[in-house]
Structure formats: C-alpha cells, structure tokens
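Have a look at the structure below, then the notes.
See the structure below:
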C-alpha cells in the first residue's frame with residue numbers, strides 16, 4: 296500500500312471517529328437535557344478541511360502550533376454565532392475552560408488586524424462556516 300493510500304485510509308477512519316464523537320456528544324447532551332449546538336460540528340468540519348488537520352485533533356489536547364490555530368479559529372467561529380457561552384464552547388472543545396476560549400477569540404481577532412494571510416484564510420473559512428450553519432439551521 297502506498298503512503299498516499301494509507302494516509303487516505305487513516306483520514307477516512309479519523310472522519311468516522313469524529314462523526315461518532317459528535318453523535319455521542321449529541322446523545323449525551325440529549326440524555327441530560329442539554330442543548331445540542333450544530334455550529335460546533337460545522338466549525339470543526341470547515342476548519343478541518345481548510346487546515347488539513349485530523350478530525351479529533353481540533354477537540355484534542357495537542358498544543359502543536361497548526362493545531363492550536365485551527366482550534367482557535369473553530370472556537371472563534373462558534374463564539375461568533377452567539378448561541379453558546381465561552382464555558383459551553385470550552386466544554387464542547389475537549390473540556391477546556393472559558394479562559395481558553397477567550398484567548399482563542401482574542402488571538403483570531405488580533406490576527407484579523409495584523410496578519411493579512413491569516414485574515415484572508417479566516418474570512419474564507421467564515422464564509423464557508425456561515426453557509427454550512429445556515430443550511431443546518433434551516
């Protein structure tokens with residue numbers, strides 16, 4: 296098997312794990328009477344596709360630079376919808392606290408003002424995210 300084929304197989308398996316993770320998260324939320332927010336999965340989907348990170352890496356514990364940035368953008372997107380508090384977003388992204396979400400949002404806002412390359416990426420990601428969330432909420 297070639298490296299490309301093996302990589303594709305691993306990505307497919309990770310995508311299946313992510314789907315199972317979010318399904319389980321929805322099931323647990325429903326069982327305890329919590330609200331399920333589709334924008335979390337939409338943000339993870341869009342960010343994962345753009346930054347080519349593994350599905351569960353966005354909600355995982357890794358602090359590798361590229362993963363942190365992808366996670367920051369996903370948190371920023373979800374916070375921008377305005378339906379979830381920072382503690383709720385932190386919980387959805389692997390049990391983080393509200394300070395982590397606040398830091399993520401500040402870093403993305405700062406990059407929008409100071410880094411033209413990242414700003415262009417974030418604007419493109421936001422447009423794709425908005426379209427995906429709109430389809431899910433209709």
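Residue numbers (the working numbering): 296 to 433.
For every residue, glycine included, the Cβ atom is placed at its ideal position computed from N, Cα and C.
Because the structure is a prediction, the values reported are computed rather than measured.
Evaluate residue i with the Cβ neighbour count: other Cβ atoms within 10 Å of its Cβ, from every protein chain shown; 16 or more gives buried, anything less gives exposed.
i	result
residue 344	exposed
residue 429	exposed
residue 336	buried
residue 384	buried
residue 356	exposed
residue 410	exposed
residue 370	buried
residue 415	exposed
residue 327	Confidence at residue 327 is low in this model, with a pLDDT of 49, below 50, so the placement of that residue is unreliable and no value is reported for it.
residue 301	exposed
residue 420	buried
residue 311	exposed
residue 299	exposed
residue 348	buried
Terminal residues of the continuous alpha helix (DSSP H) containing residue i?
i	result
residue 359	Residue 359 -> no alpha helix (DSSP H), and no H or E assigned at all.
residue 334	333-346
residue 397	393-409
Between residue i and residue j, how many whole angstroms is the CB-CB distance? I'm expecting something under 8 Å.
i	j	result
residue 305	residue 342	Not quite, the Cβ-Cβ distance comes to about 19 Å (not below 8 Å), so this is no contact.
residue 403	residue 334	Contact flag wrong, Cβ pair sits at about 15 Å.
residue 391	residue 332	Not really, about 15 Å apart at Cβ, beyond 8 Å.
Pick from the options: whose alpha carbon is nearest that of residue i?
i	options	result
residue 435	351, 415, 376 and 382	The structure shown does not extend to residue 435, since the chain spans only 296 to 433, so no value can be given for it.
residue 423	348, 372 and 347	372
residue 399	414, 426 and 366	366
residue 309	339, 421 and 415	339
Measure the Cβ-Cβ separation of residue i and residue j and say whether it is below 9 Å.
i	j	result
residue 394	residue 354	no
residue 313	residue 351	yes
residue 417	residue 426	no
Using beta carbons (cut-off 9 Å, strictly below), is residue i in contact with chain C?
i	result
residue 406	Included in the structure is just one protein chain, with no chain C present.
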